[in-house]
Amino acid sequence: MNLTKDTIVSLLGKEDFSAEFALADRIRQEHVGDRVHIRALLEFSNYCRRQCRYCGLNRNNSALERFRMQPQEIVETALDAKEAGYRTIVLQSGEDPYYTPAMIGEIVRKIKPCGIAVTLSCGEFDEQTYSYFKECGADRYLLKHETSDPVLYQSLHPDSALKNRVDCQRFIKRAGLETGGGFMIGLPGQTLETVAQDLLLLKEIGCDMAGIGPFLPHPDTPLGTAPHGSAELTLRAVAIARMLLPNANLPATTALGVLDPGCKDLVFACGANVVMQKVTPAKLKRLYQIYPAKFQETDIASGRKQIEQEIREIGKIPY
Ligand code: SAH
Numbered sequence: 018m019n020l021t022k023d024t025i026v027s028l029l030g031k032e033d034f035s036a037e038f039a040l041a042d043r044i045r046q047e048h049v050g051d052r053v054h055i056r057a058l059l060e061f062s063n064y065c066r067r068q069c070r071y072c073g074l075n076r077n078n079s080a081l082e083r084f085r086m087q088p089q090e091i092v093e094t095a096l097d098a099k100e101a102g103y104r105t106i107v108l109q110s111g112e113d114p115y116y117t118p119a120m121i122g123e124i125v126r127k128i129k130p131c132g133i134a135v136t137l138s139c140g141e142f143d144e145q146t147y148s149y150f151k152e153c154g155a156d157r158y159l160l161k162h163e164t165s166d167p168v169l170y171q172s173l174h175p176d177s178a179l180k181n182r183v184d185c186q187r188f189i190k191r192a193g194l195e196t197g198g199g200f201m202i203g204l205p206g207q208t209l210e211t212v213a214q215d216l217l218l219l220k221e222i223g224c225d226m227a228g229i230g231p232f233l234p235h236p237d238t239p240l241g242t243a244p245h246g247s248a249e250l251t252l253r254a255v256a257i258a259r260m261l262l263p264n265a266n267l268p269a270t271t272a273l274g275v276l277d278p279g280c281k282d283l284v285f286a287c288g289a290n291v292v293m294q295k296v297t298p299a300k301l302k303r304l305y306q307i308y309p310a311k312f313q314e315t316d317i318a319s320g321r322k323q324i325e326q327e328i329r330e331i332g333k334i335p336y
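Throughout, the numbering used here is defined as the position within the sequence shown, counted from one, plus 17.
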């Protein structure tokens with residue numbers, strides 16, 4: 018579906034959005050069906066060289082205890098996830114130069130033959146490196162544009178620019194990796210025009226998946242006292258993303274579930290068809306603190322069973 022920026026702005030601001038939610042749900046049903054894809058999320062390092070002002074992992078947060086998993090441990094955890102029934106493992110980290118492209122490539126090469134798809138989400142690299150990850154067997158790469166407003170982007174990322182981020186997304190696309198984008202709702206200074214532009218940018222990049230989640234303030238960051246993003250606006254943005262990108266994979270973001278546990282179910286009636294479940298070792302989970310959240314101490318197999326059950330309860334098919 019094609020929508021102009023003006024149309025999206027007026028849709029986002031509507032009093033009653035129920036017809037739009039229903040339309041998005043219908044498009045989801047027709048294009049991607051009733052399966053909810055469950056992705057295993059392994060957060061393997063919380064070291065980061067960046068200073069993103071909203072993120073608890075930013076290098077200036079000296080209150081955070083840092084950890085790194087060794088390649089062997091990452092591979093073993095991925096295999097445990099495969100064993101538990103997961104079809105995809107998402108390997109996510111801060112931008113941690115400890116892991117060279119060769120190391121990441123080697124990890125992917127060891128995981129892939131076991132028959133599980135690999136998504137990487139480790140930040141910005143040059144074009145050759147994304148192509149190298151693809152050669153090593155990576156299937157997808159997740160790198161959100163965060164905000165499409167270049168001035169806001171610059172103020173939130175002192176050591177980066179929106180253009181670099183979008184260039185990286187284009188490199189990922191050209192490398193033949195499925196491209197995951199996305200952005201946050203409610204960043205201080207964001208307007209409905211920004212959100213409309215964010216949605217159109219997903220389409221322009223040709224995102225195969227898009228994570229849209231509310232901004233949640235982390236007390237140990239420069240934005241620690243800013244208000245969180247709106248759950249309702251997040252749901253609306255997901256619904257419009259489904260209209261713009263009917264075949265995309267749209268996750269119910271973890272941040273949305275943290276902000277409002279009820280919305281985690283609701284979003285599957287507004288266009289979403291993917292969910293991520295952490296398989297990060299229990300002792301490390303609490304340290305991967307992008308934003309404050311409570312953590313379950315479940316092991317990989319029980320976590321998988323639990324999420325499958327939750328998906329069945331909302332009438333969808335866990336996959
Ligand atoms: N270093 C990787 C992974 C970043 S963390 C990268 O650069 O892509 C994954 C996502 O968490 C980010 O893309 C961002 O959208 C989200 N995030 C970070 N801080 C957040 C916050 N305070 N509230 C909500 N989402 C946040």
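Each residue gets a CB set at the ideal place from its N, CA and C atoms; glycine is no exception.
Residue i, DSSP secondary structure in three states
i    : result
N290 : coil
Y170 : helix
T196 : strand
M201 : strand
Q323 : helix
D54  : At residue 54 the sequence reads His, which differs from the Asp that was named. Strand.
R126 : helix
L159 : strand
G274 : helix
N181 : helix
R329 : helix
R45  : helix
T105 : strand
T8   : Outside the modelled stretch of the chain, which goes from 18 to 336, sits residue 8, for which no answer is possible.
P335 : strand
E60  : strand
A269 : strand
K220 : helix
M18  : coil
Pairwise C-alpha distance: residue j and residue i
i    : j    : result
L40  : A256 : 8 Å
Q306 : T315 : 18 Å
D33  : S27  : 11 Å
L233 : E90  : 30 Å
Q186 : K31  : 31 Å
T297 : K311 : 14 Å
S319 : T21  : 45 Å
P244 : E141 : 28 Å
I202 : G230 : 6 Å
T136 : T208 : 31 Å
L96  : Q109 : 16 Å
L74  : A269 : 22 Å
Q326 : C131 : 26 Å
R329 : V53  : 9 Å
K161 : K129 : 24 Å
L59  : E47  : 31 Å
G274 : V291 : 13 Å
Counted within 10 angstroms of its Cβ, other Cβ atoms place residue i as buried (16 or more) or exposed
i    : result
M293 : buried
N266 : buried
M120 : exposed
A36  : exposed
E100 : exposed
R191 : exposed
R66  : exposed
Contact belief for residue i with residue j at Cβ below 8 Å, rounded distance in angstroms
i    : j    : result
T105 : A134 : 4 Å
A286 : D23  : A286 to D23, Cβ: 27 Å. No contact.
A254 : L194 : That belief does not hold up - the Cβ atoms of A254 and L194 are roughly 24 Å apart, past 8 Å.
I55  : P335 : 6 Å
A98  : A155 : Rounded, the Cβ-Cβ distance is 16 Å, inconsistent with contact.
Y147 : G197 : Rounded, the Cβ-Cβ distance is 12 Å, inconsistent with contact.
I44  : M226 : Contact flag wrong, Cβ pair sits at about 16 Å.
**OP:** Kindly confirm or deny that the region 107-117 and the region 143-151 touch, where touching means at least three C-beta pairs closer than 8 Å.
**Re:** Contact fails: fewer than three Cβ-Cβ distances are below 8 Å.
**OP:** Evaluate the contact criterion for the region 206-215 versus the region 164-171: three or more CB pairs, one atom per stretch, below 8 Å.
**Re:** The region 206-215 is in contact with the region 164-171.
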